[in-house]
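Engineer: All you need for the working numbering is the position in the sequence shown, starting with 1, plus 46.
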Amino acid sequence: MHGPRDALGYGVKLAGATLFFVDAGVDTGPIIAQVAVPVLDDDDEETLTERIKVAERRQLVTQVGRLLREGWTITGRKVTIGVSDTSSGADGRRPIRRALLSVYDKTGLVELARALHDAGVEIVSTGSTATTIEGAGIPVTPVETLTGFPEVLDGRVKTLHPKVHAGLLADLRLERHAAQLGELGIAPFDLLVSNLYPFTETVASGADFDACVEQIDIGGPAMVRAAAKNHASVAVVTSVSAYPSVLAALADGGFSAGQRQQLAARAFADIAEYDVAVANWFAVRTGPAEQEWPTFAGQVLTAPTPLRYGENPHQAAVLYVDPASPPGLAQAEQLHGKEMSYNNYVDADAAWRAVNDFADRPAVAIIKHANPCGIAIGADVAQAHRRAHACDPVSAFGGVIAVNRPVSVEMAQQVAEVFTEVLVAPDFEPGAVDVLSGKKNIRLLRAPAWAPYPAEWRPVSGGALVQMADRVDAPGDDPAGWRLVTGEPADESTLADLAFAWRAVRAVKSNAILLAAEGATVGVGMGQVNRVDSAHLAVSRAGAERARGAVAASDAFFPFPDGLQVLIDAGVRAVVQPGGSVRDEEVVAAATAAGITMYLTGTRHFFH
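(1) Cβ atoms of R144 and E13: under 7 Å apart, would you say?
(2) On the three-state DSSP scale, how would you describe T153?
(3) Is the shortest distance between the beta-carbon of R619 and the beta-carbons of chain C less than 7 Å?
(4) Could you check the C-alpha separation between G641 and A598 for me, to the nearest Å?
(5) Quick check: the Cα distance between G595 and H582, rounded to an integer number of angstroms?
(6) Give me the DSSP bridge partner(s) of Q513.
(7) Look up P605 in the DSSP assignment and say whether it is helix, strand or coil.
(8) For E168, write down the residues that DSSP places opposite it in a beta bridge.
(9) Among the candidates L206, D608, P535, D87, whose CA atom is the shortest distance from the CA of D579?
(10) Starting from T643, follow its DSSP beta bridges and name the residues at the other end.
(11) For G573, which residues from the same chain have a beta carbon less than 6 Å from its beta carbon, with the 5 sequence-adjacent residues on both sides left out?
(12) Roughly how many angstroms separate the alpha carbons of T178 and G154, rounded to a whole number?
(13) State the beta-bridge partners of R594 as determined by DSSP.
(14) Going straight from the alpha carbon of L79 to that of A101, what length do you get?
(15) Return the chain-ordered list of same chain residues with a C-beta closer than 7 Å to the C-beta of P244, the five sequence neighbours on each side being excluded.
(16) Give the DSSP-derived three-state secondary structure of H382 in the structure shown.
(17) Inspect the beta-carbon positions of A428 and V410 and report whether they are closer than 7 Å.
(18) May I have the straight-line CA-CA distance separating P496 from L162, to the nearest angstrom?
(19) I need the DSSP call for T649, collapsed to helix, strand or coil.
(20) So, is Y391 buried or exposed, given that buried needs 16 or more other C-beta atoms within 10 angstroms?
(21) Among P196, V330, A458, A212, which residue has its Cα nearest to the Cα of L227?
(22) Please go through the same chain and pick out, in chain order, the residues whose beta-carbon is closer than 8 Å to the beta-carbon of P185, but skip the five residues on each side of it.
(23) Residues bridged to L238 by DSSP?
(24) Cutting at 6 Å between CB atoms, please list the residues of its own chain near E319, excluding the five before and the five after it.
(25) Helix, strand or coil, according to DSSP, for A318 in the structure here?
(26) Measuring alpha carbon to alpha carbon, tell me which of L237, A273, D254, A274 ends up nearest F301.
(27) Out of A329, D403, K485, A394, which has the shortest C-alpha to C-alpha gap to A416?
(28) What is the DSSP secondary structure of E467, counted as helix, strand or coil?
(29) Is it the case that the Cβ atoms of V570 and P439 are separated by a distance below 7 Å?
(30) Look at the alpha carbon of F557 and the alpha carbon of A281, and state the distance between them as a whole number of angstroms.
(31) Among A257, Q307, Q305, P340, which one has its Cα closest to the Cα of A501?
(32) Report the rounded CA-to-CA distance for A616 versus G484, giving the unit in angstroms.
(33) Consult DSSP for K59 and reduce its assignment to one of helix, strand or coil.
(34) Can at least three beta-carbon pairs, one atom from the segment 515-526 and one from the segment 538-552, be found at a separation below 8 Å?
(35) List the DSSP bridge partners of K414.
(36) Along the chain, where does the beta strand (DSSP E) that runs through L365 open and close?
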């Protein structure tokens, strides 16, 4: 055997091993398989010979198994193995005979590879995936042995080769494809298992630009797209969670045509999500400095949960998860109650948003039709709930409650006394769920920690509106920055009530007027088309006794003194509002004449 000696003598980079049928000649029989064996820099004749023998033995076991399972055709010196369409049955099931494994996430890899090997499947693999499989004592063919081309450019090029992609893209329903594979000596793949470089995780870690770019996968998506397109002949698995389906398919004689279509759909969705993440990141990082918004903005929504119906019974509805956003209500754990509805989620989101504007104190918000029935802070959640409920007990019936601290047993007992649709909380203290589970219809949600979303999307005909989310962190939201325009400076208690009212009014649909006292709303006027009507509504909801001596907040300026006059006549003692009207002087003059205190924030909080 002079091949290794000659290879070393001539300085070639690749040697090889050939498996053939024996005939009357010497090494003249039909060739079954040929594999490349890279020549390493430190090879001598002994080490190279041994590695060639290992490759021969591995091919002997693999190819004899394939011959027995799949049969063969001999044309001259060419042997064609298993390249015909072998789907069987009405469901188009295809047996798994040859698999390509190339994964970043190695979770469950060894167990999967062992199951494939035990089922007689030939395994081809790449880089660290092959190393992991081989390290577990499972036979595997490195992809460079298949292609005869080494991994290059720091691993950037491993699988971008015709012997890989032809094996993934050959439609074995077509005789011409099978014939071409036979002519080229390429064996098809029946299964691709691949997951991608962790691009989004790398970006989230704060890595620099070059490090993020390095985690943009090329070969993985190319293989996944190829296999997914050719799902008629190849099954593609892109998630560790789908590995059990591979084991089931091995037992069932392969994946059916319908199963391969479903796997392909999942694969294309995974690639789309990956591409959108890369495109969004590049658009933000490389856009012109003077351009506030990127030229491309993609959104991926996954994991749909069907809802009973939409706002009305004749409207279909579904809840999607946005994997690019921080976890929120869409990921909340439902601990009790019947399924959530579309309206439940709308109100729960409004309540969760409102209550989390008060991070420094226990707070409760009660919402109905996306507007507050009451918002309050307290020494504990039970007190905050009593105060919020007292604002408008009639409207609170059938409302949605959110609380920014764990629900106590005392609060649970109070909630249980009134019909409530949903209760959202970061957690529930021991015994609280037991108290509430006596009410079969109340939905109890344990929501992830509040994480405000950076931008808000709203569809419009032919497009979408996008804006930065409104949060209570604008310069005018801090009472220290307010401008006193008339009246005596507020004492500590009054200023605290004004600050509470200013935060709470942000949760009210415009035009919004909110009356508050002692850390609780006492009257809310919402959603009116003029500010005078909103003021009348807030006063009437509060009643004469509670309105007298309360403070007021307006989400936008008073365009005329008339809206303010409604509050003055009701006995409101202090008002906070953005200012900015062309008639600000008239409005301030009315406040001065009434002897009330007025602060201007310079910040508006419209909410539509």
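Glycine included, C-beta positions come from ideal geometry on N, C-alpha and C.
Model, not experiment: these values are computed from the prediction.
Structural biologist: Working from what's here:
(1) Lying outside 47 to 654, the shown extent of the chain, residue 13 is not represented and no answer is given.
(2) Sequence index remark: in the sequence shown, residue 153 carries index 107 (1-based). Coil at T153, not helix or strand.
(3) The structure shown contains no chain C; it holds only a single protein chain.
(4) Taking the sequence shown and counting its residues from 1, the one referred to as residue 641 is at position 595. Taking the sequence shown and counting its residues from 1, the one referred to as residue 598 is at position 552. Roughly 15 Å separates the two Cα atoms.
(5) As a position in the sequence shown, residue 595 is number 549, starting the count at 1. As a position in the sequence shown, residue 582 is number 536, starting the count at 1. Computed Cα separation, rounded: 16 Å.
(6) Reading the sequence shown from its first residue, position 467 is the one you call residue 513. DSSP output for Q513 lists E502 as bridge partner(s).
(7) On the sequence shown, position 559 is the one that residue 605 refers to. Residue state, collapsed to three classes: coil.
(8) Counting from 1 along the sequence shown, the entry for residue 168 is found at position 122. DSSP, once it has assigned bridges, lists R144 as partnering E168.
(9) Locating residue 579 in the sequence shown gives position 533, where the first residue counts as 1. Considering only alpha carbons, the answer is D608.
(10) Against the sequence shown, residue 643 aligns to sequence position 597. Beta-bridge pairing links T643 to A620.
(11) Locating residue 573 in the sequence shown gives position 527, where the first residue counts as 1. For G573, where only same-chain residues beyond five positions count, the Cβ hits under 6 Å are K555.
(12) As a working mapping, residue 178 is identified with position 132 in the sequence shown. As a working mapping, residue 154 is identified with position 108 in the sequence shown. About 11 Å.
(13) Stepping through the sequence shown from its first residue, residue 594 is reached at position 548. According to DSSP, R594 bridges with nothing at all.
(14) For the purposes of this step, residue 79 is taken as residue 33 along the sequence shown, with counting starting at 1. For the purposes of this step, residue 101 is taken as residue 55 along the sequence shown, with counting starting at 1. It is worth fixing the name first, because residue 79 is Ala in this sequence and not Leu. So the alpha carbons of these two residues sit roughly 11 Å apart.
(15) The count along the sequence shown starts at 1 and reaches residue 244 at position 198. Contacts found: Y150, Q261.
(16) Within the sequence shown, the letter at position 336 stands for residue 382. In this structure, H382 counts as strand in the three-state DSSP scheme.
(17) Along the sequence shown, one-based indexing puts residue 428 at 382. Along the sequence shown, one-based indexing puts residue 410 at 364. No, Cβ-Cβ distance for A428 and V410 is not below 7 Å.
(18) Against the sequence shown, residue 496 aligns to sequence position 450. Against the sequence shown, residue 162 aligns to sequence position 116. According to the sequence shown, residue 496 is Trp rather than Pro. Going by the C-alpha atoms only, they are around 44 Å apart.
(19) Numbered from its first residue, the sequence shown carries residue 649 at position 603. Three-state DSSP puts T649 in coil, outside helix and strand.
(20) The residue you call residue 391 lines up with position 345 of the sequence shown. Buried.
(21) The residue you call residue 227 lines up with position 181 of the sequence shown. It is A212 whose Cα lies nearest to the Cα of L227.
(22) Within the sequence shown, residue 185 is the residue found at index 139, counting from 1. R104, V107, T108, H163, I169, listed in sequence order.
(23) The residue you call residue 238 lines up with position 192 of the sequence shown. Bridge partners of L238: L146, V282.
(24) In the sequence shown, counting from the first residue as 1, residue 319 sits at position 273. These residues qualify, in order along the chain: V346.
(25) If you number the sequence shown from 1, residue 318 lands on position 272. A318: helix per DSSP, three-state reduction.
(26) On the sequence shown, position 255 is the one that residue 301 refers to. The residue with the shortest Cα to Cα distance from F301 is L237.
(27) What you label residue 416 is simply residue 370 of the sequence shown in a count that begins at 1. If we check each option's Cα against that of A416, A394 comes out closest.
(28) Working through the sequence shown from its first residue, we reach residue 467 at position 421. Here E467 sits in strand by DSSP.
(29) In the sequence shown, the residue the question calls residue 570 occupies position 524. In the sequence shown, the residue the question calls residue 439 occupies position 393. No; because the gap between Cβ atoms is not below 7 Å, this pair is not in contact.
(30) Locating residue 557 in the sequence shown gives position 511, counting from the first residue. Locating residue 281 in the sequence shown gives position 235, counting from the first residue. The sequence shown places Asn at residue 557, rather than the Phe named in the question. Near 56 Å, if we compare the C-alpha coordinates of A281 and N557.
(31) Here residue 501 refers to the residue found at position 455 of the sequence shown. Of A257, Q307, Q305, P340, the residue nearest in Cα terms is P340.
(32) Residue mapping note: residue 616 aligns to position 570 of the sequence shown, counting from 1. Residue mapping note: residue 484 aligns to position 438 of the sequence shown, counting from 1. Distance between the alpha carbons of A616 and G484: 43 Å.
(33) To locate residue 59, count along the sequence shown from 1; it is residue 13. It is coil, neither helix nor strand.
(34) yes
(35) Against the sequence shown, residue 414 aligns to sequence position 368. The partner list for K414 (beta bridge, DSSP) reads N417.
(36) Along the sequence shown, read from residue 1 onward, the residue named residue 365 stands at position 319. 364-367 is the extent of the beta strand (DSSP E) around L365.
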